[in-house]
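Trainee: Dropping a structure here in structure tokens format, bear with me for questions.
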Amino acid sequence: MAFLEITGLSKSFKQHEVIRDLSVAIEKGEFLVIFGPSGCGKTVLLRLIAGMMQPDAGDIVIDGRSVVDLNPENRDIGMAFQNYALYPHMTAYENIASPLRSRHVPEAEVGTRVHDTARMLRIDHVLDHLPKALSQGQKQRTALARSLVGRPSVVLLDDPLRNVDAKIRYEMRFELPRVLRRYEATVIYVTQDYKEAMALGDRVAVLVDGAFRQVAHPHEVYDAPGTTRIARLFGDPPINLVPVQPVTAAGGVEMNVAGGTVRLPADSAAVAGRDCTFGIRSEDIWVSLEPTEGLPVTLEAITPVNNRLVMLLRGDEGTELFASCPQGSALDHLRGRHKAWATMDLARAHFFDHGDGVRI
Amino acid sequence: MNGKSVLRAVALTLIGLFFLFPLFWVVLMSFMTNADILRNPPSPFFSPTFHNYVALVSGQLVTTVGTQKIDYMLNLFNSTVLSAFSVILSLILGVPAAYAFARYKFRLGEDMAFTLLSFRFAPPLLVLLPLLLYFQSIGLYDTYIGLIWVYQLITLPLVLWIVRGYFEDVSEDIELAYRLDGHSWLSTFFRISIPLARPGIAAAALLSFIFAWNNFIFALILGSSSVQPVTVGALAFVTASGIEYGQIAAALVFSIVPTLVLAMFTQRYLVEGLSLGAIKG
Chain A
663 MAFLEITGLS KSFKQHEVIR DLSVAIEKGE FLVIFGPSGC GKTVLLRLIA GMMQPDAGDI
723 VIDGRSVVDL NPENRDIGMA FQNYALYPHM TAYENIASPL RSRHVPEAEV GTRVHDTARM
783 LRIDHVLDHL PKALSQGQKQ RTALARSLVG RPSVVLLDDP LRNVDAKIRY EMRFELPRVL
843 RRYEATVIYV TQDYKEAMAL GDRVAVLVDG AFRQVAHPHE VYDAPGTTRI ARLFGDPPIN
903 LVPVQPVTAA GGVEMNVAGG TVRLPADSAA VAGRDCTFGI RSEDIWVSLE PTEGLPVTLE
963 AITPVNNRLV MLLRGDEGTE LFASCPQGSA LDHLRGRHKA WATMDLARAH FFDHGDGVRI
Chain B
350 MNGKSVLRAV ALTLIGLFFL FPLFWVVLMS FMTNADILRN PPSPFFSPTF HNYVALVSGQ
410 LVTTVGTQKI DYMLNLFNST VLSAFSVILS LILGVPAAYA FARYKFRLGE DMAFTLLSFR
470 FAPPLLVLLP LLLYFQSIGL YDTYIGLIWV YQLITLPLVL WIVRGYFEDV SEDIELAYRL
530 DGHSWLSTFF RISIPLARPG IAAAALLSFI FAWNNFIFAL ILGSSSVQPV TVGALAFVTA
590 SGIEYGQIAA ALVFSIVPTL VLAMFTQRYL VEGLSLGAIK G
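In order, the protein sequences belong to chains A and B.
If you're matching positions, the first sequence starts at 663 in the working numbering and goes up one per residue.
If you're matching positions, the second sequence starts at 350 in the working numbering and goes up one per residue.
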């Protein structure tokens, strides 16, 4: 049995079902990232696990013990909030010491543990400050220290890097796994940022409309998204999705896309004759300004994003596609519209059912 | 000092004078004899006398037709007892209730809160006569307990509605965080919710103290001189030989002092910011 097991969890508000029949099992020491768009039910799910709300149905078992009937204070859960939720009338030291105070830890040990945790998160020099005197990054670290210092069996991190600036976000992406490993914590980490999910998670659980649509290794979610919805959420620029109808022709499978005809790899028989959505990531489309065997397209615009150049292509019949390539090529300083040729790496293409959006 | 700040200082002084002048004049009057006060035109130059204060403290009101006994010191004591205990009772009852109204949705919750507020809409005279009859038959007439009970009509809605707003502003996440730290609900209430709502509690306490202190009609009808506060007691200065303006002024000065002291004491909490910057807005 897994360390943290959620089975058949449901929660509605009035007529609106926010969490529907959600199940997941998390191993001890695992780092699970819950990824989803805003309004998908992440906050409600965390509140259900933390015990601030009662589920309508389902069970939450931590370390073999059902916790749904326990009060938050008895669940042995640490949590860092997106808004930090520090106690404004207590110093950083007292904030961090709070979980130890409730357990009547001797004063000397409180001091040692608070200082150890604070030193690891590099906030030991501001322990006597009130929260209002801390920077955003320090507040966030204080909240993190408070969630860890009591060594809870499960740590919930609710988008903790959302409100900190980019520099701290990068620092923390490196630091968090190290710190959490020290505490041997089982972590549920909520984020809206797919890169954070990719960088931190042992597994990523994609939460859409109140249920997990895919729970898998981050690269699997990226390379083999379960549905068009997941494919669209995971990736920047967003994946290209085009409705297609592949047909069997000349001993293989072909399809019309962006005004041209392409031949699909040999193992594509399953998609022949179906209404599909064809998905291809921007980095799997190569663009050349010299004529190639690829599709003739118009290069409409070009813009740098995260050290890559993102290009907006338009096919002859109007289909728009994103392509991208590393910076440092002749395209770097290109402006205006150009004639171009696009080649797709069809081995890395995705096909989804056009009706329900599920991967084929 | 440039022109702008001079103008500003002048404006502030004028506004200050405008609002403080009545208070200043009352203080002057309390050191005047009735003859000085009634002089026409009035003048701020006179030979000060402590006669008025002496009369109040000694309880002997000397008028042209004779000496009259007044209980102003008892009135002052009554005012303090009535107002202080009314506020304390309202805080004990109202703060937990305000928390419940702020945090929990329960059946008829809004209706109950509104009903409590509606006590403030009704003219007190509407209920006073029936109340008087009830009070007389159950022995609450002319008692502190009876008046403190009725004063809840004034103080409880104030406490409830002001403090409720402050509790609503306390982030639920902060409370949840404290509970996840392993603290019980009760300890969270006392260690987190109350301290964070303290400016509101202080404001509500001060306001309801002032309202209770200034109440006139309840004590006039529901008590005799043994429990009546200063507002009613001041009627004694309207004597057969005329109105003793000097004593009234001295009595006013006395009656302002407790509220002033309380205001100065609670000011520290009033100005204390609510969220203190722990929650990112």
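Glycine included, each C-beta is placed from N, C-alpha and C at the ideal position.
In terms of alpha-carbon separation, which member of B:Thr492, B:Val576, B:Glu521 and B:Tyr421 lies closest to Ala585 of chain B?
Mentor: Counting from 1 along the second sequence, the entry for residue 585 of chain B is found at position 236. Closest option to Ala585 of chain B, Cα to Cα, is B:Tyr421.
Trainee: My parser needs the alpha helix (DSSP H) runs of 4 or more residues fully inside the stretch 355-417 of chain B; what are they?
Mentor: Taking only runs of at least 4 residues, the alpha helix (DSSP H) segments lying wholly in the stretch 355-417 of chain B are 383-387 and 400-407.
Trainee: Identify every run of the alpha helix (DSSP H) within the stretch 586-626 of chain B, keeping only runs that are complete inside it and at least 4 residues long; order them along the chain.
Mentor: Listed in chain order, they are 594-620.
Trainee: Cβ of Asp491 of chain B within 8 Å of Cβ of Gly572 of chain B?
Mentor: Here residue 491 of chain B is taken as the residue at index 142 of the second sequence, counted from 1. Here residue 572 of chain B is taken as the residue at index 223 of the second sequence, counted from 1. For Asp491 of chain B and Gly572 of chain B, yes; Cβs fall inside 8 Å.
Trainee: Identify whether Leu792 of chain A lies in helix, strand or coil by the three-state DSSP scheme.
Mentor: Counting from one through the first sequence, the residue named residue 792 of chain A turns up at place 130. Note: Leu792 of chain A maps to coil in three-state DSSP.
Trainee: Along chain A, which residues have their Cβ under 8 Å away from the Cβ of Gly458 of chain B?
Mentor: Locating residue 458 of chain B in the second sequence gives position 109, where the first residue counts as 1. What Gly458 of chain B touches in chain A: nothing, since even the nearest Cβ is about 17 Å away.
Trainee: Taking CB distances under 8 Å as the criterion, tell me whether Phe675 of chain A reaches chain B.
Mentor: The residue given as residue 675 of chain A occupies position 13 in the first sequence. For Phe675 of chain A, the answer is no, since every Cβ of chain B falls outside 8 Å of its Cβ.
Trainee: Specify, as a first and last residue, the run of the alpha helix (DSSP H) that Met461 of chain B falls within.
Mentor: Counting from one through the second sequence, the residue named residue 461 of chain B turns up at place 112. It spans Gly458 to Ser467 - the alpha helix (DSSP H) in which Met461 of chain B sits, taken as one unbroken run.
Trainee: Which chain A residues are close to Ala449 of chain B, counting only those with a beta carbon under 8 Å from its beta carbon?
Mentor: What you label residue 449 of chain B is simply residue 100 of the second sequence in a count that begins at 1. Going along chain A, no residue has its Cβ under 8 Å from Ala449 of chain B, so there is no contact; the nearest lies around 17 Å.
Trainee: Mind checking the stretch 756-775 of chain A against chain B and listing, in chain order, the residues whose C-beta falls within less than 7 Å of any C-beta there?
Mentor: The stretch 756-775 of chain A vs chain B, Cβ under 7 Å: Ser760, Pro761, Ser764 and Arg765.
Trainee: Would Pro887 of chain A and His1012 of chain A be called neighbours here (beta carbons separated by less than 8 Å)?
Mentor: Taking the first sequence and counting its residues from 1, one reaches residue 887 of chain A at position 225. Taking the first sequence and counting its residues from 1, one reaches residue 1012 of chain A at position 350. Yes, the Cβ-Cβ distance between Pro887 of chain A and His1012 of chain A is below 8 Å.
Trainee: Can you pull the DSSP bridge partners for His1000 of chain A?
Mentor: Numbered from its first residue, the first sequence carries residue 1000 of chain A at position 338. In DSSP, His1000 of chain A forms a bridge with A:Leu961.
Trainee: Please return the same chain residues whose Cβ sits closer than 7 Å to the Cβ of Arg925 of chain A, not counting the five positions on each side in sequence.
Mentor: Counted from its first residue, the first sequence places residue 925 of chain A at position 263. Around Arg925 of chain A: Gly914 and Glu916.
Trainee: Name the DSSP beta bridge partners of Ile696 of chain A, please?
Mentor: Within the first sequence, residue 696 of chain A is the residue found at index 34, counting from 1. Bridge partners of Ile696 of chain A: A:Val852 and A:Ala867.
Trainee: Across the stretch 705-725 of chain A and the stretch 749-758 of chain A, are there enough close Cβ pairs to call them in contact, namely three or more that are closer than 8 Å?
Mentor: Contact between the stretch 705-725 of chain A and the stretch 749-758 of chain A is absent, because fewer than three Cβ pairs lie under 8 Å.
Trainee: Distance check for Arg970 of chain A and Thr890 of chain A, CA to CA, integer angstroms please.
Mentor: As a position in the first sequence, residue 890 of chain A is number 228, starting the count at 1. As a position in the first sequence, residue 970 of chain A is number 308, starting the count at 1. Cα to Cα, Thr890 of chain A sits roughly 24 Å from Arg970 of chain A.
Trainee: Since Ala598 of chain B and Val375 of chain B should fall inside the 8 Å C-beta cutoff, what is the C-beta to C-beta distance between them, to a whole number of angstroms?
Mentor: The sequence position of residue 598 of chain B within the second sequence is 249, counting from 1. The sequence position of residue 375 of chain B within the second sequence is 26, counting from 1. That pair is a contact at about 5 Å.
Trainee: Are any of the Cβ atoms in chain B nearer than 8 Å to that of Met741 of chain A?
Mentor: Translated into positions along the first sequence, residue 741 of chain A becomes position 79. Met741 of chain A counts as touching chain B.
Trainee: I believe Val868 of chain A touches Phe693 of chain A by the beta-carbon criterion, under 8 Å. Please report the beta-carbon distance rounded to the nearest angstrom.
Mentor: Stepping through the first sequence from its first residue, residue 868 of chain A is reached at position 206. Stepping through the first sequence from its first residue, residue 693 of chain A is reached at position 31. Contact flag wrong, Cβ pair sits at about 16 Å.
Trainee: State yes or no: is the C-beta of Leu431 of chain B within less than 8 Å of the C-beta of Leu496 of chain B?
Mentor: Taking the second sequence and counting its residues from 1, one reaches residue 431 of chain B at position 82. Taking the second sequence and counting its residues from 1, one reaches residue 496 of chain B at position 147. Contact: yes.
Trainee: Note the first and the last residue of the continuous alpha helix (DSSP H) segment covering His777 of chain A.
Mentor: For the purposes of this step, residue 777 of chain A is taken as the residue at position 115 of the first sequence. Glu769 to Met782 is the extent of the alpha helix (DSSP H) around His777 of chain A.
Trainee: Is it true that the CB of Leu975 of chain A sits closer than 8 Å to the CB of Ala1009 of chain A?
Mentor: As a first step, residue 1009 of chain A must be located in the first sequence, where it is residue number 347. As a first step, residue 975 of chain A must be located in the first sequence, where it is residue number 313. Cβ distance not < 8 Å, so Ala1009 of chain A and Leu975 of chain A don't count as in contact.
Trainee: Would you mind telling me which residues of chain C sit closer than 7 Å to Ala526 of chain B, beta carbon to beta carbon, in chain order?
Mentor: This model lacks chain C altogether; the protein chains it does include are A and B.
Trainee: Hey, which unbroken runs of the beta strand (DSSP E) at 3 residues or more fall wholly within the stretch 670-696 of chain A?
Mentor: Within the stretch 670-696 of chain A, the complete beta strand (DSSP E) runs of at least 3 residues are 678-688.
Trainee: Taking the alpha-carbon of Leu507 of chain B as reference, which of B:Ala554, B:Ile441 and B:Phe603 has the nearest alpha-carbon?
Mentor: Looking up residue 507 of chain B in the second sequence gives position 158. Out of B:Ala554, B:Ile441 and B:Phe603, B:Ala554 has the C-alpha closest to the C-alpha of Leu507 of chain B.
Trainee: Measure the alpha-carbon distance for Ile892 of chain A versus Arg763 of chain A and round it to whole angstroms.
Mentor: Here residue 892 of chain A refers to the residue found at position 230 when the first sequence is read from its first residue. Here residue 763 of chain A refers to the residue found at position 101 when the first sequence is read from its first residue. If I take the Cα positions, the gap works out to 43 Å.
Trainee: Going by DSSP in three states, Asn757 of chain A sits in which element: helix, strand or coil?
Mentor: If you number the first sequence from 1, residue 757 of chain A lands on position 95. DSSP places Asn757 of chain A in helix when its eight states are reduced to three.
Trainee: To the nearest angstrom, how far is the alpha carbon of Lys629 of chain B from that of Asp522 of chain B?
Mentor: Mapped onto the second sequence, residue 629 of chain B falls at position 280. Mapped onto the second sequence, residue 522 of chain B falls at position 173. At Lys629 of chain B, the pLDDT of 36 sits below 50, so the modelled position is not reliable and the matter cannot be decided from this model.
Trainee: Which word fits Gly622 of chain B, buried or exposed, when buried means at least 16 other C-beta atoms lie within 10 angstroms of its C-beta?
Mentor: Here residue 622 of chain B is taken as the residue at index 273 of the second sequence, counted from 1. Because Gly622 of chain B sits at a pLDDT of 45, beneath the cut-off of 50, its placement in the model cannot be relied upon, and the point is left open.
Trainee: I'd like to know whether the C-beta of Asp522 of chain B is nearer than 8 Å to at least one C-beta of chain A.
Mentor: As a working note, residue 522 of chain B is residue 173 in the second sequence. Judged by the 8 Å Cβ criterion, Asp522 of chain B is in contact with chain A.
Trainee: Let's test the definition: count the other Cβ atoms within 10 Å of the Cβ of Tyr851 of chain A and tell me whether it reaches 16, buried, or not, exposed.
Mentor: If you number the first sequence from 1, residue 851 of chain A lands on position 189. Buried, by the Cβ-count rule.
Trainee: At a Cβ cut of 9 Å, what residues of the stretch 706-718 of chain A count as close to chain B, listed as they run along the chain?
Mentor: Per Cβ criterion, the list reads Arg709, Ala712, Gly713 and Met714.
Trainee: What residues from chain A crowd round Ile541 of chain B, counting only those whose CB sits closer than 8 Å?
Mentor: If you number the second sequence from 1, residue 541 of chain B lands on position 192. The contacting residues are Tyr749.
Trainee: Give me, in chain order, the residues of the same chain whose beta-carbon lies closer than 7 Å to that of Arg775 of chain A; leave out the 5 immediate sequence neighbours on both sides.
Mentor: Walking along the first sequence from the start, residue 775 of chain A turns up at place 113. Contacts found: Leu762 and Val811.
Trainee: Is the CB of Glu833 of chain A under 8 Å away from at least one CB in chain B?
Mentor: Working through the first sequence from its first residue, we reach residue 833 of chain A at position 171. Not an interface residue.
Trainee: Got a sec: is the Cβ-Cβ distance from His1016 of chain A to anything in chain B below 8 Å?
Mentor: Within the first sequence, the letter at position 354 stands for residue 1016 of chain A. For His1016 of chain A, the answer is no, since every Cβ of chain B falls outside 8 Å of its Cβ.
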